[in-house]
Amino acid sequence: MTLADIKAGQSVVISSLSKNFNARAKLLDLGLLPGTQLKLKRLLGWSKAVQINVRQTNLILRDSLAKQIKVELLVDQNESALAMPSLTISTLTTAGLIK
Numbered sequence: 351m352t353l354a355d356i357k358a359g360q361s362v363v364i365s366s367l368s369k370n371f372n373a374r375a376k377l378l379d380l381g382l383l384p385g386t387q388l389k390l391k392r393l394l395g396w397s398k399a400v401q402i403n404v405r406q407t408n409l410i411l412r413d414s415l416a417k418q419i420k421v422e423l424l425v426d427q428n429e430s431a432l433a434m435p436s437l438t439i440s441t442l443t444t445a446g447l448i449k
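Counting in this note's numbering, the sequence shown runs from 351 upward without gaps.
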């Protein structure tokens, strides 16, 4: 499932990012790494843009960019996952930051 598929109020964890270089670069620049927890605050009108809250910051993403983010729903909405992902070699390799 992608970030564009979830409903307002749901919390998710990023499982993977697009393989498209430009989309991936934008997402990484925004600090959206695999393992990052975020909450969909609301859908913004006909444009289908989404407002998310990640690490106490609100971001607005276009629908086309939200579709590039694969996510998994948090099992327990009250349970807090890590606010900052663990930066392991595996995470950095998956994010395309190192080879």
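Don't be surprised by glycine CBs; every beta carbon is placed ideally from N, CA and C.
Since this is a predicted model, take the numbers as computed values, not measurements.
Asked	Found
Would DSSP call asparagine 372 helix, strand or coil?	helix
Look at the alpha carbon of serine 368 and the alpha carbon of tryptophan 396, and state the distance between them as a whole number of angstroms.	24 Å
From isoleucine 402 to phenylalanine 371, what distance separates their C-alpha atoms?	22 Å
Are the beta-carbon atoms of glutamine 418 and lysine 389 separated by less than 9 Å?	no
Could you check whether valine 425 and isoleucine 356 sit closer than 9 Å to each other, using their CB atoms as the reference points?	no
Tell me the rounded alpha-carbon separation between leucine 423 and alanine 375.	24 Å
Leucine 382: which of Ala358, Asp413, Met351 and Ser365 sits nearest, CA to CA?	Ser365
If contacts are defined as beta-carbon pairs under 8 Å, then valine 400 and alanine 416 qualify, I think. What distance do you get, rounded to the angstrom?	5 Å
Could you check which residue in Gly385, Pro384, Leu380 and Gln387 has the C-alpha nearest to that of leucine 411?	Leu380
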